[in-house]
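Enquirer: Mind having a look at this structure? Questions to follow.
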Amino acid sequence: MSSLLVMPLRAGGPSVLRIAATSSRRAPALCLAGLHTSSIARTPPAPSAAPKNAASSSSSSAAADATTSALSHEGRGSEGAHYNDKTEADISALIATDKAGGWTLMNPIYTESDLDSVKVVYREPQTITDATIRNMVRLTKWTFDKVTGYKGTHITPDHLKSSTIEQLREKGDLLSDKAWLKRIIFLESIAGVPGMVGGTLRHLRSLRLLRRDGGWIHTLLEEAENERMHLLTFMTVARPSWLTRAVVLGAQGVFYNLFFLTYLITPKTAHRFVAALEEEAVRTYTHCIEDVERGLVPEWSDKPAPQIAIDYWRMPEDASLLDVIKAVRADEATHRFVNHSLANLDQKHDFNPFALGEPAPEIRGTIPGFTREESAKYANETQQKLLGAAKEQQEKQS
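Residue numbers (this note's numbering): 166 to 563.
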């Protein structure tokens, strides 16, 4: 998910991020969220204060045009800001302090309440395809559990009365720190594939058809990068064996090609499959968090967070590895939410509702995803908020 709506203007003065006004070259079939134009296209512009001069009048007119414009995946602005689309409306809350610097993908930043709000939720299958995907994920998880020795046993106080932690580990009822790392590293090495595959195919389609993509590419590439950062973070805690590396190499080659073909034929199914996998990922990380909090993984009780995690998630310097695992779980919940939401859209025509912003973490972490109608409503509300902020700032400057 990304903030594709702002752009830097460095000509004369500090670098200020400004909202891009949008318009369509032709009568679009879709609105901002990719649904019917009636949901946004016919929204009347809000009354604005009388302009004090020609410049402010032009700016107000541009903002009003942006409010009433409807975006399809072929419309201008659907990929974010373009210098020809800009207005003079500054957003004071989005001021860049540096005139130069590298552009990066989204860095998720969470509060403690955000991390604790994540829940294990599942989307009930609604079609035969959904049910088939659910069974495929269950088979995949069963195979993965066998390979990594994961049973998912909930350790009760009675277990601890009759057996020590070491004995529970020997029986396979409890994972050691090394076993958890092996499972996580394998999981994250595969989890970074879908976003890259989807982003690559949509990128090529955009080039091939000479069309904009409607904001999908950036979100998918962010997902791939986010999963890769998970892997790099845990790689600083433990080094995988050559056997693990070999298994990852083979699994990645097989999964990449299978997912590539799936996304090429039916991207909706591919997104639903990824969302179902992320449901299981949230469940696994929740189990890991519970084990660490209960002292069942004593090696991680006081283990500090790696510096790469502190930098990436903007954590306090005294953050622990447990905080890192909670942040990773929140990311997986976001991927669960995003992929279920994207799977509910028209894959060829709908605008990515998360190109303009992202819902609050407590939403992403507690429900499986948005329906198509909810995505349209969210995108519409986000657009109106941004245009309202731009207009308010514009009036302050006039």
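Even glycine gets a Cβ: it sits at the ideal position worked out from N, Cα and C.
Once DSSP output is grouped into helix, strand and coil, what is the label at proline 273?
Expert: Proline 273: coil per DSSP, three-state reduction.
Enquirer: If you drop the 5 nearest sequence neighbours on each side, which residues of the same chain put their C-beta closer than 7 Å to that of phenylalanine 424?
Expert: Hits under 7 Å: Val358, Pro359, Val362 and Ala435.
Enquirer: Could you tell me the distance, in whole angstroms, from the CA atom of aspartate 515 to the CA atom of glycine 379?
Expert: Looking at the two C-alpha atoms, the distance is approximately 7 Å.
Enquirer: Is it buried or exposed, asparagine 509, if we count other Cβ atoms within 10 angstroms and call 16 or more buried?
Expert: When all chains shown are included, asparagine 509 counts as buried.
Enquirer: What is the DSSP secondary structure of proline 290, reduced to helix, strand or coil?
Expert: In the structure shown, proline 290 sits in coil (DSSP, three-state: anything other than H, G, I, E or B).
Enquirer: Who does proline 469 pair with in a DSSP beta bridge?
Expert: In the DSSP output, where bridge partners are listed per residue, proline 469 has Ser485.
Enquirer: Assuming serine 354 contacts leucine 386 under a Cβ cut-off of 8 Å, what Cβ separation, rounded to an integer in Å, is found between them?
Expert: Their Cβ separation, rounded to whole angstroms, is 17 Å, which puts serine 354 and leucine 386 out of contact at 8 Å.
Enquirer: Hey, arginine 393 and isoleucine 382: beta-carbon distance below 7 Å or not?
Expert: Taking 7 Å as the Cβ cut-off, arginine 393 and isoleucine 382 do not qualify as a contacting pair.
Enquirer: Let me check understanding here. Comparing Cα to Cα, which of Leu461, Gly534, Ala344 and Ile528 lies closest to leucine 325?
Expert: The option with the nearest alpha carbon to leucine 325 is Leu461.
Enquirer: Give the single residue among Tyr275, Thr276 and Val285 whose Cα lies nearest to the Cα of threonine 531.
Expert: That would be Val285, whose Cα lies nearest to the Cα of threonine 531.
Enquirer: Which residues bound the alpha helix (DSSP H) around tyrosine 421?
Expert: From DSSP, the alpha helix (DSSP H) with tyrosine 421 extends over 407 to 430.
Enquirer: Less than 7 Å separating the beta-carbons of serine 282 and glutamate 527?
Expert: Taking 7 Å as the Cβ cut-off, serine 282 and glutamate 527 qualify as a contacting pair.
Enquirer: Residues in the same chain with beta-carbon distance under 8 Å from tyrosine 543, minus the five sequence neighbours each way, listed in chain order, please.
Expert: Once the five neighbours on either side are set aside, the close Cβ partners of tyrosine 543 are Ala198, Pro518, Pro524 and Phe535.
Enquirer: Out of Thr427, Leu414, Arg334 and Leu339, which one is the CA nearest neighbour of leucine 352?
Expert: Ranking Thr427, Leu414, Arg334 and Leu339 by Cα distance to leucine 352 puts Leu414 first.
Enquirer: Given 8 Å as the limit, is there contact between the stretch 540 to 555 and the stretch 296 to 306, that is, 3 or more CB pairs closer than that?
Expert: With a cut-off of 8 Å, the stretch 296 to 306 and the stretch 540 to 555 do not count as touching, because too few Cβ pairs lie within range.
Enquirer: Of the residues Arg479, Thr499, Thr292 and Glu464, which one's Cα is nearest the Cα of glutamate 388?
Expert: Taking only the C-alpha atoms, the option nearest glutamate 388 is Thr499.
Enquirer: Applying the criterion that 16 or more other CB atoms from any shown protein chain within 10 Å of the CB defines a buried residue, is aspartate 323 buried or exposed?
Expert: Aspartate 323 should be labelled exposed.
Enquirer: Just mark proline 604 as buried or exposed, buried being the case when its beta carbon has 16 or more other beta carbons within 10 Å.
Expert: Residue 604 cannot be examined here, being either before or after the span of the chain that is shown, 166 to 563.
Enquirer: Between the C-alpha atoms of arginine 334 and alanine 474, what's the straight-line distance to the nearest angstrom?
Expert: If I take the Cα positions, the gap works out to 28 Å.
Enquirer: Are the stretch 398 to 409 and the stretch 462 to 482 touching, with three or more C-beta to C-beta distances below 8 Å?
Expert: As far as the Cβ criterion goes, the stretch 398 to 409 touches the stretch 462 to 482, which means the pair count is three or higher.
Enquirer: Please name the residue in Leu280, His452, Trp478 and Lys347 whose C-alpha comes closest to that of asparagine 391.
Expert: The shortest C-alpha separation from asparagine 391 is found at Trp478.
Enquirer: Look at leucine 280 and lysine 550 and say whether their C-beta atoms are less than 7 Å apart.
Expert: For leucine 280 and lysine 550, no; Cβs fall outside 7 Å.
Enquirer: Please report the residue range of the alpha helix (DSSP H) in which threonine 329 lies.
Expert: Looking at the DSSP string, threonine 329 is not in any alpha helix (DSSP H), and its letter there is neither H nor E.
Enquirer: Please report how far the alpha carbon of glycine 364 lies from the alpha carbon of arginine 529, in whole angstroms.
Expert: Roughly 21 Å between the two C-alpha positions.
Enquirer: For alanine 520, tell me which candidate among Leu346, Arg494 and Val503 has the shortest Cα-Cα distance.
Expert: When each option's Cα is compared against that of alanine 520, the closest is Val503.
Enquirer: Report, in whole angstroms, the separation of the C-beta atoms of leucine 339 and isoleucine 330, which I expect to be a contact under 8 Å.
Expert: Confirmed, about 6 Å.
Enquirer: When DSSP labels each residue in this structure, what does glutamine 512 get in the three-state scheme?
Expert: Three-state DSSP puts glutamine 512 in coil, outside helix and strand.
Enquirer: Take proline 405 as the anchor and find which of Asp342, Leu375, Gln512 and Leu374 has the nearest alpha-carbon.
Expert: Of the listed residues, the one whose Cα sits closest to proline 405 is Asp342.
Enquirer: Please report the distance separating the alpha-carbon of glutamate 560 from that of alanine 554.
Expert: Straight-line Cα distance between these residues: approximately 10 Å.
Enquirer: Consult DSSP for glutamate 551 and reduce its assignment to one of helix, strand or coil.
Expert: In the sequence under discussion, the amino acid at residue 551 is leucine, which differs from the glutamate named in the question. Three-state result, leucine 551: helix.
Enquirer: Under the rule that 16 or more other beta-carbon atoms within 10 Å means buried, what is proline 273, buried or exposed?
Expert: It is buried - the Cβ of proline 273 has at least 16 other Cβ atoms within 10 Å.
Enquirer: Near threonine 427, what residues of its chain come up, given a Cβ to Cβ distance below 8 Å and the 5 sequence neighbours on each side ignored?
Expert: Same-chain partners within the cutoff: Thr434, Ala435 and Phe438.
Enquirer: Is it the case that the Cβ atoms of tyrosine 315 and arginine 288 are separated by a distance below 7 Å?
Expert: Not in contact: tyrosine 315 and arginine 288 (Cβ atoms no closer than 7 Å).
Enquirer: Decide if leucine 429 is buried, meaning its Cβ has at least 16 other Cβ atoms within 10 Å, or exposed.
Expert: Exposed.
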